[in-house]
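This report refers to the structure that appears directly beneath it.
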Amino acid sequence: MTQQIGIFGTSSMALETRDVAEALGYSVFFVAPDASNSQEWPSECEVVVESDVYLFSNARFVIGIGEGAVRQRIVQRHANTLGFTNLIHPSATFGHGQRQHIETLRGVIVCAGVRLTHNIQVGNFTIFNLNVTVSHDVVMGDYVTLSPQACVLGHVHIQPNVWVGAGAVINQGSVSAPRTIGTNTLVGSGAVVVADCEPNSVYVGVPARKVK
Ligand SMILES: CC(C)(COP(=O)(O)OP(=O)(O)OC[C@H]1O[C@@H](n2cnc3c(N)ncnc32)[C@H](O)[C@@H]1OP(=O)(O)O)[C@@H](O)C(=O)NCCC(=O)NCCS
């Protein structure tokens, strides 16, 4: 029988997550918080509400929601009862030991075209969207979101719950001074980060400047 996977979320990130799941042969259903926005649910796919999720005890689960803080709250509700898994698209490529490292984690989503080199520490429930590139000696906390085409160069530390926008570049740090993106910070699409970013902030532009 085909393995079922429940994807938390019903919006675009959930649909992109479905692409990865289907490439891996899973049978997909979505998990919505409740039925209040049922008119926006994907029409062609089964959707269950979160309170019924325990009826699917044999399924695996992932969270296809871009906001790390939302993923974190879902994990807090279900960490001990649902089997969160990783999804790695077959077209992703990995340097030495990186795939094995991710397989020790939970809830990591790796979309098509992602490239990871070596010595990269990934956090649980990290999302690598389409064509993300991560270079060597990078450390990521839990619940990081890397949007399509984001490019993280070497010796960078990305703290938990950071969101890196589409096409943004995080320039390299060094062994003694890794480039650091503070927790909960958002880097806007197309930004080029050339200095450390404070936590709980928004950075945009080239070179990136703090706007919030
Ligand atoms: C950075 C971002 C979060 C700001 O959104 P916001 O809080 O709604 O801010 P606003 O749109 O009101 O813009 C605030 C200012 O920043 C500028 N700005 C916004 N996003 C910018 C960007 N990516 N690059 C450069 N400038 C940007 C705006 O022009 C505006 O400038 P102004 O005050 O001089 O007019 C958003 O624009 C962004 O880049 N989000 C990431 C999108 C993305 O990659 N999604 C991935 C989906 S998978």
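Number 177 in numbering that gives the first Met the number 0 belongs to position 178 of the sequence shown; there are no gaps in the numbering. Glycine included, every Cβ here is placed at the ideal spot set by N, Cα and C.
Query: Would Val52 and Ile6 qualify as a contact pair, given that the criterion is a beta-carbon distance under 8 angstroms?; Result: no
Query: If Leu86 sits next to Thr132, beta carbons under 8 angstroms apart, how far is it from one beta carbon to the other, in whole angstroms?; Result: Not really, about 19 angstroms apart at Cβ, beyond 8 angstroms.
Query: With the cut-off set at 8 angstroms, would you say Val186 and Val210 are in Cβ contact?; Result: no
Query: Kindly list the residues whose CB is nearer than 6 angstroms to the CB of Asp33, restricted to its own chain and excluding five residues on each side of it in sequence; keep chain order.; Result: Val48
Query: Report the option in Thr9, Ile64, Thr84, Gly67 whose CA atom is closest to the CA atom of Tyr25.; Result: Thr84
Query: If you count every other CB in all the chains shown that lies within 10 Å of the CB of Thr1, and 16 or more means buried, which is it?; Result: exposed
Query: Alpha carbons only, please: which of Ser50, Val174, Arg208, Phe124 is nearest the one belonging to Gly153?; Result: Val174
Query: For Ser146, is the beta carbon positioned less than 7 angstroms from some heavy atom of ligand 1?; Result: yes
Query: Is the beta carbon of Val161 within less than 7 angstroms of some heavy atom of ligand 1?; Result: no
Query: By Cβ distance, which residues of its chain are closer than 8 angstroms to Val19, with the 5 residues on each side in sequence left out?; Result: Leu86, Ile87, His88, Ile108, Val109, Cys110, Ala111
Query: Report back the beta-carbon spacing between Ile126 and Val151 to the nearest angstrom; my notes put them in contact at under 8 angstroms.; Result: That belief does not hold up - the Cβ atoms of Ile126 and Val151 are roughly 13 angstroms apart, past 8 angstroms.
Query: Ignore the nearest five residues each way along the sequence and tell me which others in Ala190's own chain have a CB closer than 7 angstroms to its CB.; Result: Gly164, Ala167, Tyr202, Val203, Gly204, Val205, Ala207
Query: Comparing the CB of Gly8 with every heavy atom of ligand 1, is any distance shorter than 7 angstroms?; Result: no
Query: Which one or two residues does DSSP pair with Gly5 in a beta bridge?; Result: Phe28, Phe60
Query: What did DSSP end up calling Arg17 once you bin it into helix, strand or coil?; Result: helix
Query: Only counting runs of 3 or more residues, tell me where the beta strand (DSSP E) segments fall wholly within the segment 165-196, in order along the chain.; Result: 178-180
Query: What number of angstroms, rounded off, separates the C-alpha of His95 from the C-alpha of Asn118?; Result: 8 angstroms
Query: What residue ranges within the segment 43-115 form continuous alpha helix (DSSP H) runs of no fewer than 4 residues, ordered along the chain?; Result: 67-77, 97-102
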